[in-house]
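Numbering (this note's numbering), first residue to last: 794 to 1049.
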């Protein structure tokens, strides 16, 4: 299981303590780390396919003050896809309007024929990257067919996607479109939130002692500037871990 961290705030906040605590979990998630900041319309993504605690670069970054109103971070424990830069989260993709979408995933895709066609065009080999490419195509279809670039239309596309792809799959996601954070999980106990005074923090595990609650499962939530602006309709696609399914998936990818 990977770990996710996202911040949406109505003001810049100091992030060093959160990030040190989060990356402190890297012993159990040694296959890569990623960090993304979104400020003044600019997106900065930093990542390495090594354990966070072994990264000289990351240690250097965390010694200086890190402040932002919007941030994403990831540590990877690989299930599908080799350990390399191309498979390290977060992933980014531009739609036809020039909007950049950034995605992080904690989960596994067992069944999704709609994603198979991206195996030849993606940069890496993860199912997570294929989710983002599929989402980008759906957004592009919306723009081409309806000329609809509104916030409501984008939210609708993401909501439809999580309803569809969560069937028979583990789909814990954090997505950012330059304005909004999209949050979804469909497994119990795998995503929590701190939502107070214009600051929303989403994390696989609570990172401070107080103020956290579990994110409700099987429902898309959208945050903007630290406040929830949307809660989607609940679906029934709860994921329950099945060791036999995981073994079958590993065998399929190994060719045994």
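Idealized CB from N, CA, C, for every residue including glycine.
Q) In the DSSP assignment, what residue or residues form a beta bridge with residue 1069? A) Outside the shown range of the chain (794 to 1049) lies residue 1069, about which nothing can therefore be said.
Q: Answer with buried or exposed for residue 940, where buried requires no fewer than 16 other C-beta atoms within 10 angstroms of its C-beta.
A: exposed
Q | Proximal residues to residue 1023 (C-beta, below 6 Å), its chain only, five neighbours per side dropped | A | 948 and 1015
Q) How close, in whole Å, do the beta carbons of residue 841 and residue 826 come, if the pair is a contact with beta carbons under 8 Å? A) 6 Å
Q | Of the residues 829, 834, 794 and 961, the one placed nearest residue 854, counting alpha carbons only | A | 829
Q.
Could you compute how far the alpha carbon of residue 890 sits from the alpha carbon of residue 1009?
A. 32 Å
Q) Count the other CB atoms within 10 Å of the CB of residue 849; is the residue buried (16 or more) or exposed (fewer)? A) exposed
(Q) Below 8 Å on the Cβ atoms is my contact criterion, and I expect residue 797 with residue 997 to pass it. Report the Cβ-Cβ distance as a whole number of Å. (A) 5 Å
Q) Nearest to residue 804 by CA position, among 1033, 1032, 999 and 993, is which residue? A) 993
Q) For residue 1013, which of 973, 990, 845 and 923 has the nearest alpha-carbon? A) 973
(Q) Here's a check: name, in chain order, each residue in its chain whose Cβ is nearer than 6 Å to the Cβ of residue 888, leaving out the five neighbours to either side. (A) 929, 932 and 933
(Q) Rounding to the nearest angstrom, what Cα-Cα distance links residue 893 and residue 1021 in this structure? (A) 21 Å
(Q) By the three-class DSSP mapping on this structure, what secondary structure does residue 1015 have? (A) strand
Q: Examine the Cβ distances between the region 904 to 917 and the region 874 to 886 and report whether three or more of them are shorter than 8 Å.
A: yes
Q: State the CB to CB distance for the pair residue 898 and residue 956, rounded to an integer number of angstroms; the pair is presumed to be in contact (CB under 8 Å).
A: Rounded, the Cβ-Cβ distance is 16 Å, inconsistent with contact.
Q: Go ahead and pull the three-state DSSP assignment for residue 799.
A: strand
Q) On the premise that residue 818 lies in contact with residue 876, defined as a C-beta separation below 8 Å, what is that separation, rounded to the nearest angstrom? A) That belief does not hold up - the Cβ atoms of residue 876 and residue 818 are roughly 17 Å apart, past 8 Å.
Q. For residue 1034, which of helix, strand or coil comes out of DSSP?
A. coil
**Q.** Nearest to residue 845 (by Cα), restricted to the options 874, 837, 836 and 824
**A.** 824
Q) By how many angstroms is the C-alpha of residue 832 removed from the C-alpha of residue 860? A) 10 Å
Q) Roughly how many angstroms separate the alpha carbons of residue 1048 and residue 1006, rounded to a whole number? A) Low confidence applies here, because residue 1048 scores a pLDDT of 42, under 50, leaving its location unreliable and the question unanswered by this model.
Q: Provide the residue span of the beta strand (DSSP E) that contains residue 840, from first to last.
A: 835 to 841
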